[in-house]
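S.K.: Going by our numbering, the residue at position 100 of the sequence shown is 98; the numbering climbs one at a time, nothing skipped.
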Amino acid sequence: MAWREYFAELHGTAMLAFIVFASDGGPFSVGLGLWGIINVTGCISGAHFNPAVTLGVILNKKINKSLTSSEFIKFLIYMIIQLGGAFIGSLFAELVTDSHFGFKNRPGHTYRDVFVGETIATGHIVMAALMIGHLTTYSLMATLVLCFTVVAHIFTIGPISGACFNPAVGIAVSVVKTVHFNDSSYIDHLWIYIVAPFLGVFYGIIPALIYSSDEKFKGKSVKDTQMSENLIFKEDS
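1. With a cut-off of 8 Å on the beta carbons, I'd call L53 and V148 a contact; round off their distance for me.
2. Nearest by alpha-carbon distance to A73: which of G198, A45, I36, A84 is it?
3. Tell me which residues share the same chain as L89 and place their Cβ nearer than 7 Å to its Cβ, disregarding the 5 neighbours each side in the sequence.
4. Would you report the Cα separation of G115 and Y191, rounded to the nearest angstrom?
5. Does the beta-carbon distance from L57 to V177 come in below 8 Å?
6. Buried or exposed: I36, going by 16 or more other Cβ atoms within 10 Å of its Cβ?
7. Give a yes or no on whether the C-beta atoms belonging to A12 and G106 are separated by under 8 Å.
8. Please list the terminal residues of the continuous alpha helix (DSSP H) segment that includes F85.
9. Quick check on the burial criterion: 16 or more other C-beta atoms within 10 angstroms. Buried or exposed for N180?
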């Protein structure tokens, strides 16, 4: 039923935001937490938890002419629910930590660095999300590919931008921090953490489409295997 998919996205995004917020964006905390959440909820909603990933799925299905009107509406609802879940998770995290962690440029780096880094990293994550179905038939390994991609980019881009890669989490964490500390610096450049990840979708989807169109991948999608119902981003078509 649709409400279970929506609840899975709400719950999953809330857990992800809680982990990001409470761990100060720790690479392995976020990566391992995401791995667990994906494997718990992926068979229900597809485990997007990120409006940028959802946009990537929409564009991928649209280009491949497999996007139905009901799916399009469902994915738009996903984006709204993801934002709500991110706020829930951030508010709970605020109860257990008084950290000043936020998404800002780090010392020695400009907001141009932040914009470029967030764009490229999100693109790689979206590419991994769209491609894992062609790389393995095993649920745990498929999701681990994505989670290690996230971990690697937190290590790489975290010292530059704080490693957001997720507009919903970026908005929620920034707003909650602004209210809690009465410090508008948390939202001064919030637009970057919204625009850059969405721009990164286009950077990521192009190679994903090129690679997945190769003959060696055709007919080997995990959606045709017994494991498909347990994999991230399950296809309905």
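Beta carbons are placed, not taken as given, at the ideal position from N, Cα and C, and that holds for glycine.
M.R.: A quick look at the data gives this:
1. Along the sequence shown, read from residue 1 onward, the residue named residue 53 stands at position 55. Along the sequence shown, read from residue 1 onward, the residue named residue 148 stands at position 150. Wrong, their Cβ atoms sit about 17 Å apart, outside the cutoff.
2. For this step, residue 73 is matched to residue 75 along the sequence shown. Checking the displayed sequence, the identity of residue 73 turns out to be Phe instead of Ala. If we check each option's Cα against that of F73, A45 comes out closest.
3. As a working note, residue 89 is residue 91 in the sequence shown. Excluding the 5 residues flanking it on each side, L89 has same chain C-beta neighbours closer than 7 Å at V174, in chain order.
4. To locate residue 115, count along the sequence shown from 1; it is residue 117. To locate residue 191, count along the sequence shown from 1; it is residue 193. Answer to the nearest angstrom: the Cα atoms are 10 Å apart.
5. Within the sequence shown, the letter at position 59 stands for residue 57. Within the sequence shown, the letter at position 179 stands for residue 177. Between L57 and V177, the C-beta gap is not smaller than 8 Å, which leaves the two residues out of contact.
6. The residue given as residue 36 occupies position 38 in the sequence shown. With 16 or more other Cβ atoms within 10 Å, it is buried.
7. The count along the sequence shown starts at 1 and reaches residue 12 at position 14. The count along the sequence shown starts at 1 and reaches residue 106 at position 108. No, Cβ-Cβ distance for A12 and G106 is not below 8 Å.
8. Along the sequence shown, one-based indexing puts residue 85 at 87. F85 -> alpha helix (DSSP H) spans 67 to 94.
9. Counting from 1 along the sequence shown, the entry for residue 180 is found at position 182. N180 comes out exposed.
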